[in-house]
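Notes follow once the structure below has been shown.
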Amino acid sequence: MQSKKTFLLIAGILFLVFSLGIEVRAEPFRVAVILPSTIGDLAFSQSMYDSLVAVQKEMGPKNFQFNYSEKLYVLADAGVALRDYATKGYDLVIAHGAQYGSVLAEIAPDFPKVSFAWGNSRDNFSSKGVKNVFAFEIHAEQGGYLNGVLAAKITRKGIIGVIGPMNAGDCKMYVSGFKAGVLATNPKATVNITWTGSFSDVALASEAAQTHINAGADILTGAAQIQAGAVGVARQRGVYWLASQADQTSLAPEIVVASAIYEWRPLLRTLVKEIKGGTRGEKVFTLDYSNDSIRMIINQSVLEKALRGKAEKGTEKALLGKTEKDMKEGKIKINIE
Amino acid sequence: MTGFTAIDIFSSGIRLATPYLYASIGENFGQLSGILNLGVDGIMLMGAYAAFFTTVKTGSLVLGLLAAGVVGALLGLAMAFISVTMKAEQGISGIGLYLFGLGMSELLFKKTLGEVQTVAGFAPVYIPWLSNIPVVGEILFRQNVLAYGAFALVPVSWFVLYKTPLGLKVRAVGQNPEGADSLGVSVARVRYLAVTIGGILSGIAGASLSIALLNVFQENLTYGMGFIAVALVYFGGWRLSGLLTGAILFSMVNALQLWAQVRGIKIPSEFALMIPYVITILVLAALAKRRIHAPAALNKPFERGEG
Chain D
1 MQSKKTFLLI AGILFLVFSL GIEVRAEPFR VAVILPSTIG DLAFSQSMYD
51 SLVAVQKEMG PKNFQFNYSE KLYVLADAGV ALRDYATKGY DLVIAHGAQY
101 GSVLAEIAPD FPKVSFAWGN SRDNFSSKGV KNVFAFEIHA EQGGYLNGVL
151 AAKITRKGII GVIGPMNAGD CKMYVSGFKA GVLATNPKAT VNITWTGSFS
201 DVALASEAAQ THINAGADIL TGAAQIQAGA VGVARQRGVY WLASQADQTS
251 LAPEIVVASA IYEWRPLLRT LVKEIKGGTR GEKVFTLDYS NDSIRMIINQ
301 SVLEKALRGK AEKGTEKALL GKTEKDMKEG KIKINIE
Chain Y
338 MTGFTAIDIF SSGIRLATPY LYASIGENFG QLSGILNLGV DGIMLMGAYA
388 AFFTTVKTGS LVLGLLAAGV VGALLGLAMA FISVTMKAEQ GISGIGLYLF
438 GLGMSELLFK KTLGEVQTVA GFAPVYIPWL SNIPVVGEIL FRQNVLAYGA
488 FALVPVSWFV LYKTPLGLKV RAVGQNPEGA DSLGVSVARV RYLAVTIGGI
538 LSGIAGASLS IALLNVFQEN LTYGMGFIAV ALVYFGGWRL SGLLTGAILF
588 SMVNALQLWA QVRGIKIPSE FALMIPYVIT ILVLAALAKR RIHAPAALNK
638 PFERGEG
């Protein structure tokens, strides 16, 4: 009898301890991301990875955890990864790439308790009755516009080269914005644009950069992960570079003037808040300069060197202050060509 | 358009042809000996990585080039072992080698370097006096040293293949291995040598990208160039002249379509990108003789005693 009472007492204490433990220990918010390229591409995928790392640092690893799968440019592979993550109890699964839409539309309804997010797009499939997908669209043309203004102020020959991958999606937006920014600042400038037809053909991007420089361009820009090939050539030939999507200063610190980066932290914070608040999808988020989703990183010493002898000062405030203010106030309208 | 002329287009074409020439000449050696190596692209990627990594760590482009050659030789030896000694199906094993090179180069890059970065690669070298010749000098003699090497390799390879005993043996074991064997030629040894030479040249082709033309390494840097190099061997009819024609033609048209885009000529970019492939195929098909010159023993393992 005595031993039975002792046993019940110990069991009761253990039960209290563990139940209190469960109550105190919160589950981390878990995110999974599928990416079309590698996290070290210094462009599209790296921008998302860097933002995830930053959010994890803000919230703490115990409160925010993430996992990722890279190089999922084959849609069948992406579909497998999406399903796999969805079955593993992630709170949010992000399909980071406009190409994933069709696959996501098919998979999301099978996992109604999991939230999905994808971009660049404004379609959250709510018209098809899907309730657990968020869509996000980043206005890359705004970063392009700001870079374009800088390019127009820096160029001495009035010829600027653009190396684009494919004339679609956010790359198309960036290039349209860049051209608009150049011509708004210097209507007489020439903007030459080439498309390599691929997000991965670095060799062709490199040769495109050579072609632009041979055509007289003294400043170049580009989009997507092919930029690395063009930067290598720009560095060799001493031509300035304006980067997009991620900070590329480390690629060529002596020629990278500025980077118009994608900052995904505002989106990630919003998604965490929405999902924790009980909203699983059916929303579209617009990401732009006004909500700090487009950010300029200026390489000050290179900018000053590029402007040497020119009248304007080499600071972001001096060169872009008014433009950035107008952009935040919605006064700058950019047509996507 | 300031100072942008046809000279720039031709010069660009010569530059673009460099990796194709190294890789296709190397593959030509192997195929003439009877071994089909579809792993060229994988060897190029490993060579590109080895050259880039060595250059980053040592600061020496020459060591980088050497590393690419060594890595290429090792992978060529591996292919030779699989195809000649193990007598595995060459097409499949070549694809396996390609996938190995694709994955391993990326894994090594991630683990050792992590992030995309650039190097100061081989810069253009102006050949004294020759580079001042109007037009021709500007096109041919203001290239980087690896481009000079690629074009010099054409006559050197021709001499080796058609004027030396080694070249005779290579062609003999690819055309009639039984006959060569009966005359005391070691078919296996010659094939090993030919495929290893192919591996070295493919490694150097990769280096020409990462430490000369692009000055960067990234995953899948070659983007299928190795397969185009293999195709150039077929389309060139296993002749160095055909191979050279194909490489230059393909590269020139690529340079031309880039020029057209820069000039703002209104053709769809997708069409412009397709043109180099279509034109190269059409021209080489038209120039090819009716008789096919494929080595008779290509893609056939040799077993002494088999008829």
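The listed protein sequences derive, respectively, from chains D and Y.
Residues in the first sequence are numbered consecutively from 1, following my numbering.
Residues in the second sequence are numbered consecutively from 338, following my numbering.
We treat Cβ as the ideally placed atom computed from N, Cα and C, and that holds for glycine.
Item	Value
Residue 378/Y at chain D interface by Cβ criterion, 8 Å	no
Residues of the segment 548-559 of chain Y with Cβ closer than 7 Å to any Cβ of chain D, in chain order	550, 551, 552, 553, 555, 556, 557 and 558
Any C-beta of chain Y under 8 Å from that of residue 194/D	yes
Test: residue 495/Y CB closer than 8 Å to a CB of chain D	no
heavy atom of the ligand SAH below 7 Å from residue 100/D C-beta	Inclusion of the ligand SAH in the displayed structure is not the case, the ligand content being empty and no account of it being possible.
Contacts that residue 596/Y makes with chain D (C-beta to C-beta distance below 7 Å)	211
Beta-carbon proximity of residue 351/D to residue 43/D, cut-off 8 Å	The first residue shown for chain D is 1 and the last is 337, placing residue 351/D beyond what the model contains.
Buried or exposed by the 16-neighbour rule on C-beta atoms within 10 Å, applied to residue 118/D	buried
Continuous beta strand (DSSP E) stretch holding residue 496/Y: start and end	Where residue 496/Y is concerned, there is no enclosing beta strand (DSSP E), although the alpha helix (DSSP H) it sits in stretches over 482-500.
Contact with chain Y by residue 42/D, beta-carbon distance below 8 Å	yes
Proximity test, Cβ basis, 8 Å: residue 440/Y and chain D	no
Proximal chain D residues relative to residue 345/Y, where beta-carbon distance stays under 7 Å	214
Cβ of residue 448/Y within 8 Å of any chain D Cβ	no
Runs of alpha helix (DSSP H) lying entirely within the segment 113-200 of chain D, each at least 4 residues, in chain order	140-154 and 169-185
Rounded Cβ spacing between residue 400/Y and residue 391/Y (contact assumed at less than 8 Å)	5 Å
Cα-Cα separation between residue 303/D and residue 321/D, rounded to whole angstroms	15 Å
Closer than 8 Å at the beta carbon, the chain D residues around residue 458/Y	232 and 236
Beta carbon proximity, residue 224/D to chain Y, threshold 8 Å	no
Reduced DSSP secondary structure (H/G/I, E/B, other) of residue 264/D	coil
Under the three-state DSSP convention, the category residue 463/Y falls into	coil
Start-to-end residues for the beta strand (DSSP E) that takes in residue 33/D	29-34
Test: residue 304/D CB closer than 8 Å to a CB of chain Y	no
CA-to-CA distance, residue 201/D to residue 213/D, given in whole angstroms	19 Å
Contacts that residue 323/D makes with chain Y (C-beta to C-beta distance below 9 Å)	Residues of chain Y passing the Cβ test: none, with the nearest at roughly 26 Å.
The segment 578-596 of chain Y / the segment 48-68 of chain D touching (three or more Cβ pairs under 8 Å)	no
Residue range of the unbroken alpha helix (DSSP H) whose run includes residue 349/Y	343-369
For residue 279/D, the three-state DSSP class (helix, strand or coil)	coil
Where residue 335/D falls: helix, strand or coil (DSSP)	coil
Buried/exposed call for residue 633/Y, threshold 16 Cβ in 10 Å	exposed
Cβ-based burial, residue 156/D [other Cβ within 10 Å; buried from 16]	exposed
Cβ-based burial, residue 466/Y [other Cβ within 10 Å; buried from 16]	exposed
Short Cβ contact (8 Å threshold) for residue 31/D with residue 92/D	yes
Reduced DSSP category for residue 421/Y - H, G, I as helix; E, B as strand; rest coil	helix
Opposing strand residues paired with residue 65/D [DSSP bridges]	30/D
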